Amino acid sequence: MGTQTEATRKKTAPPPVSAGLVFELEKLAIPGQRLLFEACQKVLKDKHVALTPVLWSRFGLATPLAQGLDRLIATLDKKSLAADKLAREIQDIFFREIARPAVKLNATLNALLTEVAKFNIKIGALSFLPDEQAQALLVHLGLQERVRLRVMQKEAAVSVPTPDCWLMTCKAIGVPARRCVAVVENAVACNAALEAGLRCVVAPDELTAYQDFGGADQVVEDLKDLHAKDLQALLHSCAFR
19 MGTQTEATRK
29 KTAPPPVSAG
39 LVFELEKLAI
49 PGQRLLFEAC
59 QKVLKDKHVA
69 LTPVLWSRFG
79 LATPLAQGLD
89 RLIATLDKKS
99 LAADKLAREI
109 QDIFFREIAR
119 PAVKLNATLN
129 ALLTEVAKFN
139 IKIGALSFLP
149 DEQAQALLVH
159 LGLQERVRLR
169 VMQKEAAVSV
179 PTPDCWLMTC
189 KAIGVPARRC
199 VAVVENAVAC
209 NAALEAGLRC
219 VVAPDELTAY
229 QDFGGADQVV
239 EDLKDLHAKD
249 LQALLHSCAF
259 R
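According to our numbering, the sequence shown is numbered sequentially starting from 19.
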């Protein structure tokens, strides 16, 4: 039996499996959670409601804004307030804030994206913003040539990632979920990514640092502590669950 030539081996060798990095655009690329919290504070202050970080963590983090406000209003017995109207007012302020020139791309995320691109790791982001605002933010941050965006507003009835949201984002960059790492800042997004079969690294912010990140592959205090080699290590066959 003849042996394979080098040329034959190259032709029959399977193509290298791609790797992917995915994240939430308005949560990680900018301090979107804080900007939304501050917009809520501003609107509710005019209604004589003091929104604290504790109340925000209870009513604002893991539900669509209008639903969270409705529960908050019921808890505080502020029956004269209309949650839908408040949500629209808050949303308008938030959209103006994220479009301001002062809003810049998270420098540590930028450094990570630059580093992973050198390793041919594909990059994707999901967003719950309306398509127009999501695309505008991507351009505003200078990410339109580096990141494949998947807008979830039409597909998802929630404002936090579900397993399907992560799977759609992986599909958008053409990488299997098992070969992707989600970088997130909250427990709901983390659990959804894990359920979808992704690896997950959590970089919590001041509003989510108290949450339980059990099951996460890695939790970093600061995103600057995360490097391309860490992502590659998580995706190595020896690290598979």
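All C-beta atoms in this analysis are idealised placements derived from N, C-alpha and C, irrespective of residue type, glycine included. Here the structure is a predicted model, which is why all the values come from computation and not from measurement.
Rounded to the nearest angstrom, what separates residue i and residue j at their Cα positions?
i, j, result
"Thr187", "Leu99", "37 Å"
"Gln153", "Arg114", "14 Å"
"Ala174", "Ser145", "In this predicted model, Ala174 has a pLDDT of only 45, less than 50, meaning its place in the structure is not dependable; the value taken from the coordinates is given anyway. So the alpha carbons of these two residues sit roughly 10 Å apart."
"Gly86", "Asp230", "20 Å"
"Leu83", "Ser177", "8 Å"
"His245", "Leu130", "6 Å"
"Asp102", "Glu44", "22 Å"
"Asp182", "Lys189", "10 Å"
"Glu79", "Ala251", "In the sequence under discussion, the amino acid at residue 79 is Leu, which differs from the Glu named in the question. Looking at the two C-alpha atoms, the distance is approximately 31 Å."
"Glu56", "Thr70", "10 Å"
"Glu224", "Gly192", "33 Å"
"Gln59", "Arg52", "10 Å"
"Glu150", "Asp235", "34 Å"
"Met19", "Leu167", "Residue placement at Met19 is poorly supported in this model, since its pLDDT is 45, which falls under 50; the coordinates still yield a value, given next. Each residue's alpha carbon lies about 51 Å from the other."
Would you call the CB atoms of residue i and residue j closer than 8 Å?
i, j, result
"Val201", "Val219", "yes"
"Leu104", "Val157", "no"
"Glu203", "Leu46", "yes"
"Gly233", "Leu249", "no"
"Ile116", "Leu155", "yes"
"Gln171", "Pro148", "yes"
"Val67", "Lys97", "no"
"Pro179", "Glu42", "yes"
So which of the options has the shortest CA-CA distance to residue i?
i, options, result
"Val121", "Leu131, Ala105 and Leu159", "Leu159"
"His254", "Arg197, Ala211, Asp95 and Gln59", "Arg197"
"Val134", "Val157, Ile91 and Arg164", "Arg164"
"Val40", "Ala210, His66 and Asp243", "Ala210"
"Gly215", "Tyr228, Ala195, Arg168 and Leu225", "Ala195"
"Ala37", "Lys65, Arg217 and Asp235", "Arg217"
Using 8 Å for Cβ pairs, my map puts residue i next to residue j. What's the rounded Cβ distance?
i, j, result
"Leu127", "Leu241", "6 Å"
Notebook entry, point to check: Is the region 92–110 in contact with the region 128–142, if contact means three or more CB pairs nearer than 8 Å?
Noted result: Output reads no: the region 128–142 does not touch the region 92–110.
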